[in-house]
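First comes the structure, then the notes that go with it.
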Amino acid sequence: MTLPQTPSQTIGPFFAVGLPWPDGPEVVAEATPGVVRIGGRVLDGAGDPAPDALVETWQADPAGRFAHPDDPRGPAGRAFRGFGRCPTHAEGRWAIRTLKPGPLPAPDGGAEAPHLDVSVFARGLLGRLVTRIYFPDEADANAADPLLASIADPGVRGRLVAVADGDGLRFDIHLQGAQETPFLAI
Amino acid sequence: MSDMPRGRATGSPPVVAGYAPEPPGTHPPLDHPDYRSTALRFPRRPLVPLPHRLTEVTGPLLGEGRVTGRDHDLTVQHGGEPLGERIVVAGRVLDADGRPLPDTLVEVWQANAAGRYRHDGDRHPAPLDPNFSGAGRCVTDAEGRFRFVTVKPGAYPWRNHDNAWRPAHIHFSVFGRAFVQRLITQMYFPGDPLFAFDPILGSVPEQARERLVSRLDMDLTTPEWALGYRWDIVLRGRDATPFEDEEDRP
Numbered sequence: 001m002t003l004p005q006t007p008s009q010t011i012g013p014f015f016a017v018g019l020p021w022p023d024g025p026e027v028v029a030e031a032t033p034g035v036v037r038i039g040g041r042v043l044d045g046a047g048d049p050a051p052d053a054l055v056e057t058w059q060a061d062p063a064g065r066f067a068h069p070d071d072p073r074g075p076a077g078r079a080f081r082g083f084g085r086c087p088t089h090a091e092g093r094w095a096i097r098t099l100k101p102g103p104l105p106a107p108d109g110g111a112e113a114p115h116l117d118v119s120v121f122a123r124g125l126l127g128r129l130v131t132r133i134y135f136p137d138e139a140d141a142n143a144a145d146p147l148l149a150s151i152a153d154p155g156v157r158g159r160l161v162a163v164a165d166g167d168g169l170r171f172d173i174h175l176q177g178a179q180e181t182p183f184l185a186i
Numbered sequence: 187m188s189d190m191p192r193g194r195a196t197g198s199p200p201v202v203a204g205y206a207p208e209p210p211g212t213h214p215p216l217d218h219p220d221y222r223s224t225a226l227r228f229p230r231r232p233l234v235p236l237p238h239r240l241t242e243v244t245g246p247l248l249g250e251g252r253v254t255g256r257d258h259d260l261t262v263q264h265g266g267e268p269l270g271e272r273i274v275v276a277g278r279v280l281d282a283d284g285r286p287l288p289d290t291l292v293e294v295w296q297a298n299a300a301g302r303y304r305h306d307g308d309r310h311p312a313p314l315d316p317n318f319s320g321a322g323r324c325v326t327d328a329e330g331r332f333r334f335v336t337v338k339p340g341a342y343p344w345r346n347h348d349n350a351w352r353p354a355h356i357h358f359s360v361f362g363r364a365f366v367q368r369l370i371t372q373m374y375f376p377g378d379p380l381f382a383f384d385p386i387l388g389s390v391p392e393q394a395r396e397r398l399v400s401r402l403d404m405d406l407t408t409p410e411w412a413l414g415y416r417w418d419i420v421l422r423g424r425d426a427t428p429f430e431d432e433e434d435r436p
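Residue numbers (our numbering), protein chains in the order written: chain A, 1 to 186; chain B, 187 to 436.
Pasting the structure below:
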């Protein structure tokens, strides 16, 4: 049986009525050992901030495991929400607090470098945009990562790697323009 | 369904069952000039293909602890009842293979009966309703069912073009079981004369638009109390894997 899939629509400008959660950006509590802050801005094709976007993240735990029954290695042993959600504010800024994920085994016997999957929703986006955040202190793992390796232009590839910023990481999302973020077809 | 590990994998790579490609003609194009806000926001570079691996075939399982008993009823969140036409909106979350998606979080938000959102950015000079916030959530049951009680949202003007009005709609956010299934969309009401003038519904390929329109259901309609609208949400289905093909052979 194949049922016709439901089309997407824009999240619109007023999702703050229902979607933000008080603990949305806190994938882990602030006092958790190893906590890392990852954040940045969402910018449009004119370089202006998008103050009405929603950024969501999904990731493995520090051991590279998921609290999910479809992980063929079996579910993770401990509870880790793995999910972050943060609306952007006036300057287009978003941020989450999380733990750095571990690397993941890839089907070809290699490994995926530590990463977060990211969804971006906004007024003016009729569907979800997907991208990934990689870590700047993982040069060797990033060099061997299958997705990063599939992007020929090193300048474009580098836009998927967060930048050290004080005691956290910065990842700006350019929806359009010269610095457009690589978005992914899943 | 088995929750047992299929392959213990230190050393041996995991077998990841991916999800089927989305059929062309399902979703709106991101570049849709009739909806002006797309102009500076749609990506112009080609998307980079990402085969489904562990991060994509898993996803947040957020049901428990996110919902309290009355979150599905938008008419009981304040001291009194909101004004407007009371309705029940119910349906199922399924995948394209027809499998129900149980225990998955469904979130909704909407304008009030006068067409006004409880949001600082909404400048429509229609009244706010002190008894209506316009947000609800629930978790699907074992059969993938959800049910909300609310009031029918009003149409409202927006500034996309001269004399622009959105047809009445309820925003829906669903997670499904995997990151690849995540969907945010809008549900409409049958027969709305504003459909023909709405560039947001109109962005959907024509043959798929009706999938966003609920239907009046007299079985869901409660006598002397509320009209019922039914609407199912269908998320991506799985790829047939060689592993499953083997099992299916007689």
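Glycine included, each C-beta is placed from N, C-alpha and C at the ideal position.
Where residue i and residue j are concerned, what is the direct C-alpha to C-alpha distance, given to the nearest angstrom?
i	j	result
Val163 of chain A	Pro114 of chain A	14 angstroms
Val335 of chain B	Gly18 of chain A	15 angstroms
Leu169 of chain A	Val35 of chain A	11 angstroms
Trp295 of chain B	Leu54 of chain A	15 angstroms
Ala227 of chain A	Pro268 of chain B	Absent from the structure is residue 227 of chain A, since the part of chain A shown begins at 1 and ends at 186.
Ala282 of chain B	Asp167 of chain A	44 angstroms
Phe332 of chain B	Arg73 of chain A	31 angstroms
Ala276 of chain B	Ala394 of chain B	20 angstroms
Gln5 of chain A	Gly284 of chain B	10 angstroms
Arg363 of chain B	Tyr374 of chain B	25 angstroms
Ile11 of chain A	Asp348 of chain B	22 angstroms
Val399 of chain B	Ser150 of chain A	40 angstroms
Gly39 of chain A	Glu410 of chain B	51 angstroms
Asp259 of chain B	Ala299 of chain B	15 angstroms
Asp378 of chain B	His310 of chain B	20 angstroms
Val120 of chain A	Val325 of chain B	23 angstroms
Asp23 of chain A	Val420 of chain B	29 angstroms
Val27 of chain A	Ala321 of chain B	23 angstroms
Name the chain A residues whose beta carbon is nearer than 7 angstroms to that of residue i?
i	result
Val366 of chain B	Ile186
Gly307 of chain B	Pro13, Phe14
Gln372 of chain B	Gln9
List the residues of chain B that residue i touches, going by C-beta distances under 8 angstroms, in chain order.
i	result
Asp108 of chain A	Pro199
Asp23 of chain A	Going along chain B, no residue has its Cβ under 8 angstroms from Asp23 of chain A, so there is no contact; the nearest lies around 10 angstroms.
Asp153 of chain A	The contacting residues do not exist; Asp153 of chain A stays about 10 angstroms from chain B at best.
Asp145 of chain A	Going along chain B, no residue has its Cβ under 8 angstroms from Asp145 of chain A, so there is no contact; the nearest lies around 11 angstroms.
Asp194 of chain A	Nothing can be reported for residue 194 of chain A: it is not among the residues displayed for chain A, which extend from 1 to 186.
Which whole-angstrom value is the C-beta distance of residue i and residue j, which I expect to be below 8 angstroms?
i	j	result
Ala67 of chain A	Gly84 of chain A	Not a contact, Cβ separation roughly 14 angstroms.
Gly47 of chain A	Gly177 of chain A	6 angstroms
Gly92 of chain A	Pro214 of chain B	Contact doesn't hold; Cβ gap of about 23 angstroms is too wide.
Leu175 of chain A	Arg231 of chain B	Actually they are not in contact, since the Cβ atoms of Leu175 of chain A and Arg231 of chain B sit about 11 angstroms apart, beyond 8 angstroms.
Arg203 of chain B	Arg424 of chain B	The displayed chain sequence assigns Ala, not Arg, to residue 203 of chain B. About 6 angstroms separates the two Cβ atoms, so the contact holds.
Ala141 of chain A	Pro103 of chain A	6 angstroms
Val274 of chain B	Thr408 of chain B	7 angstroms
Could you tell me which chain A residues have their CB closer than 9 angstroms to the CB of residue i, listed as they occur along the chain?
i	result
Ile386 of chain B	Gln9, Thr10, Gly12, Leu126
Ala321 of chain B	Val17, Gly18, Leu19
Arg230 of chain B	Gly45, Gln176, Gly177, Glu180
With a threshold of 9 angstroms between beta-carbons, can residue i be considered close to chain B, or not?
i	result
Pro182 of chain A	yes
Pro33 of chain A	no
Arg123 of chain A	yes
Val17 of chain A	yes
Phe135 of chain A	no
Val36 of chain A	no
Pro72 of chain A	yes
Arg41 of chain A	no
His89 of chain A	no
Ala67 of chain A	yes
At a CB-CB cut-off below 9 angstroms, which residues of chain B make contact with residue i?
i	result
Glu26 of chain A	Going along chain B, no residue has its Cβ under 9 angstroms from Glu26 of chain A, so there is no contact; the nearest lies around 14 angstroms.
Ala79 of chain A	Simply none; closest approach about 11 angstroms.
Thr2 of chain A	Ala206, Pro209, Ala282, Asp283, Gly284, Gly423
Leu104 of chain A	Pro200, Arg239, Leu240, Thr241
Asp61 of chain A	What Asp61 of chain A touches in chain B: nothing, since even the nearest Cβ is about 11 angstroms away.
Of all the CB atoms in chain A, is at least one closer than 9 angstroms to the CB of residue i?
i	result
Asp348 of chain B	no
Leu406 of chain B	no
Asp332 of chain B	Before going on, a small fix: residue 332 of chain B reads as Phe here, not Asp. For Phe332 of chain B, the answer is no, since every Cβ of chain A falls outside 9 angstroms of its Cβ.
Val335 of chain B	no
Ile419 of chain B	yes
Gln296 of chain B	yes
Arg304 of chain B	yes
Tyr415 of chain B	no
Met190 of chain B	At Met190 of chain B, the pLDDT of 35 sits below 50, so the modelled position is not reliable and the matter cannot be decided from this model.
Under 8 angstroms between beta-carbons, which chain A residues line up against residue i? List them in chain order, please.
i	result
Glu250 of chain B	Chain A residues near Glu250 of chain B: none, gap ~11 angstroms exceeds 8 angstroms.
Glu293 of chain B	Gly18, Leu19
Pro214 of chain B	Pro7, Ser8, Gln9, Leu126, Gly127
Leu314 of chain B	Near Leu314 of chain B there are no residues of chain A at all, since even the closest Cβ is about 12 angstroms away, more than 8 angstroms.
His258 of chain B	Simply none; closest approach about 13 angstroms.
Below 7 angstroms on C-beta distance, what does residue i contact in chain B?
i	result
Gly82 of chain A	Pro246
Glu112 of chain A	Arg239
Select from the stretch 388-404 of chain B all residues with a C-beta closer than 7 angstroms to any C-beta belonging to chain A, and list them in chain order. Ser389, Val390, Ala394, Arg397, Leu398
Using a beta-carbon distance cut-off of less than 8 angstroms, what residues from the stretch 158-181 of chain A approach chain B? Those residues of the stretch 158-181 of chain A placed with their C-beta closer than 8 angstroms to a C-beta in chain B are Leu175, Gln176, Glu180, Thr181, ordered along the chain.
Residues, ordered as in the chain, of the stretch 46-58 of chain A that lie near chain B by beta-carbon distance below 8 angstroms: Ala46, Asp48, Ala50, Asp52, Glu56, Trp58
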